[in-house]
Amino acid sequence: MNIMALFRINLGLCLGVALSACGSWAGNPIGDGSDPKKGNAVVELDFGTSDLFLASTIDVTGKDGSIIGAMELTEAKVALAEIELMGANHDEDESGEEKFAGPFIVDLLDGSSNPAPESITVSAKKIGDLKMKIHKLEDEDADLYPDMKKLSILIKGHFVSASGGAARNVEFSHEVGEELSLKTEGEHVPDFTLVEGANVVSVNLDLASFFKFNVEKTTRDVDFTSLSGDIDMTEASTGVAKKLRETVKGNFKRSVKSKHRKK
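In this text, residue positions in the sequence shown follow our numbering: the first is 25, and each later residue adds one.
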């Protein structure tokens, strides 16, 4: 199958993470319709929906590197907040104006976000890192996102073994809020420049890498095929399932990829 599944976030940077910066200013800016001040970049955050990057069925790779089956995903969501552009010199705007506050509930299967982020205006500069918070939703968010209450990541689906047999239910969840820096934890360090005028930054997460159990830096010594029945990788998991959960969580953090393009 080997289908790559990524979701995109646009800012002038294209979270597997694609970054894009629009060139010279033309027409109305993104956002409020006013002209940008000299030296400023108007940045839009967008979760793209290209079929090239999104898929509901992904391969599951065993610890020996072989394809042991497929995961048919029915739900895949992550709560992200405080998505922040960091200058190459590690500068930070303490006023918070250089952050997309959120939280944003991102559907990894169709690239949509609830709510949709609004554009921000920042200093035109070279970016050296992108930080964000994997956000744990609390009680006050329950009415807006009932299926994500107390969670930061939720993935559900069915595992179909390459050796045959009935499909097995799979659920993975993560309940901890934590900061993610692409520079320190991702495989692709952001390296692009926000230009004066309109910009778009995209962050892509590679769903296809979530269930790879042969990644040296994240994989625990565990055999996915040793499990029988439904696979519970929630907070209540124990034994092999708990180790699998830790692997998926590590793969999630490393799945963010980035590249820069200028429109």
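Cβ atoms here follow ideal geometry from the backbone N, Cα and C, with glycine treated the same way.
How is W49 classed by DSSP in three states: helix, strand or coil? Note on W49: pLDDT 30, under 50, position unreliable in the model; the coordinate value appears next. Correct three-state label for W49: coil.
Determine the direct distance from the alpha carbon of E68 to that of S143, and round the result to whole angstroms. 4 Å
Taking C-alpha atoms, which residue in L132, S279, S233 lies nearest to I91? S233
Residue range of the alpha helix (DSSP H) that L268 falls in? 263-278
Reduced DSSP secondary structure (H/G/I, E/B, other) of A232: helix
Excluding the 5 residues flanking Y169 on each side, which residues of the same chain have their C-beta closer than 8 Å to its C-beta? A103, I129, N138, L161
Residues near G253 by beta carbon distance below 7 Å, same chain, minus five either side: R192
Closest Cα partner of A65 within the set D247, E164, K150: K150
Can a CB atom of chain C be found closer than 8 Å to the CB of K149? No chain C is present in this structure, which holds just one protein chain.
Which parts of the segment 137-164 are runs of the alpha helix (DSSP H), unbroken and 4 residues or longer, counting only runs that do not cross its ends? none
Would you mind working out which of T258, L175, F71 sits nearest E199, comparing C-alpha positions? L175
Candidates L218, E202, L231, of which the one nearest F276 by Cα: L231
Can you tell me the Cβ-Cβ gap for G181 and T98, rounded? I've got them flagged as a contact below 8 Å. 5 Å
DSSP beta-bridge partners of M257: F196
Given this structure, state the Cα-to-Cα distance separating K273 from H159, to the nearest angstrom. 14 Å
Using DSSP bridges, identify the partner residues of N238. DSSP lists no partner for N238.
Return the bridge partner residues of N223 from the DSSP annotation. V67
Coarse secondary structure for S250, derived from DSSP in three states: helix
What's the gap between the Cα of K207 and the Cα of I107? 14 Å
Who are the Cβ neighbours of P127 in its own chain at under 6 Å, not counting the five residues just before and after it? A103, A105, H159
Within 10 angstroms of its Cβ, does T85 collect 16 or more other Cβ (buried), or is it exposed? buried
Beta-ladder partner(s) of M172, from DSSP: According to DSSP, M172 bridges with nothing at all.
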